[in-house]
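Numbering (our numbering), first residue to last: 17 to 304. Take a look at the structure below.
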């Protein structure tokens, strides 16, 4: 009899303690629900985390917290998608406003991504001079091309651009195309996808200044020598490159927002699929 009474007392105490734990945990759950209802997702998540940390045995509250956390994550992704869609609209409007300035080239047979250029810089229009031109692909990646014309190859592989005491060096590039036509030698040295050491940004920032540049060839790991000094980047080329730089920034922004939107949509689909599976599982258990 005495053992039965002790067992009953222990059971009652255990139940009482569990109820007390659940009650305390429910306070955090209520706080989380309130924060969620007003869109304060960070506070809501902190309250749910508190249940897990402070009351690991509050099983019912933790279960409800998991469900609420999924709702929060769903709402977060929907908020991200809404924001990114608005930014895509802004970037699209900026692109539509300026795209008429550029020539667009894309051969569907060979190219997955098209290129934007300035007609005045087209190689076929500039066979008689050494200059710097630019192009931007549909993803916003900008390429600078140093076009050399001379009586012999110089095999240049990097540039220095200067305005007074200010200057910028490109990295060394091995992306060089060389050819000869009627005893005239041509080199096209490319700095692909923005890997130009800040040269395009430098030109954009100094488009109204007198920019000079020098062609270099790397002769050893520790030394380099100029092979063509003090070339002038004329006004038309400065403005063309600056304009393409602006286009690059718009397209980079547009595609970044698209990528973030698409990532949020994938995450949202995953969350909703998980919620659906767990709801179906609960339904099966209730019907047993």
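Every residue gets a Cβ at the ideal spot worked out from N, C-alpha and C, and that includes glycine. Since the structure is predicted, the reported quantities are computational estimates derived from the model, not experimental observations.
Determine the extent of the alpha helix (DSSP H) in which residue i is found, giving its start and end residues.
| i | result |
| --- | --- |
| residue 156 | Run containing residue 156: none; DSSP gives neither H nor E here. |
| residue 107 | 75-114 |
| residue 176 | Looking at the DSSP string, residue 176 is not in any alpha helix (DSSP H); the run it does join, the beta strand (DSSP E), is 174-179. |
| residue 60 | 57-70 |
Just to confirm before moving on: does the CB-CB distance between residue i and residue j stay below 8 Å?
| i | j | result |
| --- | --- | --- |
| residue 97 | residue 57 | no |
| residue 67 | residue 41 | yes |
| residue 163 | residue 173 | no |
| residue 183 | residue 194 | no |
| residue 266 | residue 107 | yes |
| residue 187 | residue 156 | no |
| residue 260 | residue 134 | yes |
| residue 253 | residue 151 | no |
| residue 216 | residue 158 | yes |
Helix or strand or just coil, what does DSSP make of residue i?
| i | result |
| --- | --- |
| residue 185 | strand |
| residue 220 | helix |
| residue 165 | strand |
| residue 138 | coil |
| residue 129 | coil |
| residue 233 | strand |
| residue 245 | strand |
| residue 36 | helix |
| residue 118 | coil |
| residue 225 | coil |
| residue 257 | helix |
| residue 148 | strand |
Using the Cβ count rule (16 or more neighbours within 10 Å means buried), how would you classify residue i?
| i | result |
| --- | --- |
| residue 1 | With the chain covering 17 to 304 only, the question about residue 1 has no answer from this structure. |
| residue 191 | exposed |
| residue 75 | exposed |
| residue 249 | buried |
| residue 77 | buried |
Which residue comes first and which comes last in the beta strand (DSSP E) that contains residue i?
| i | result |
| --- | --- |
| residue 197 | 192-197 |
| residue 203 | 200-207 |
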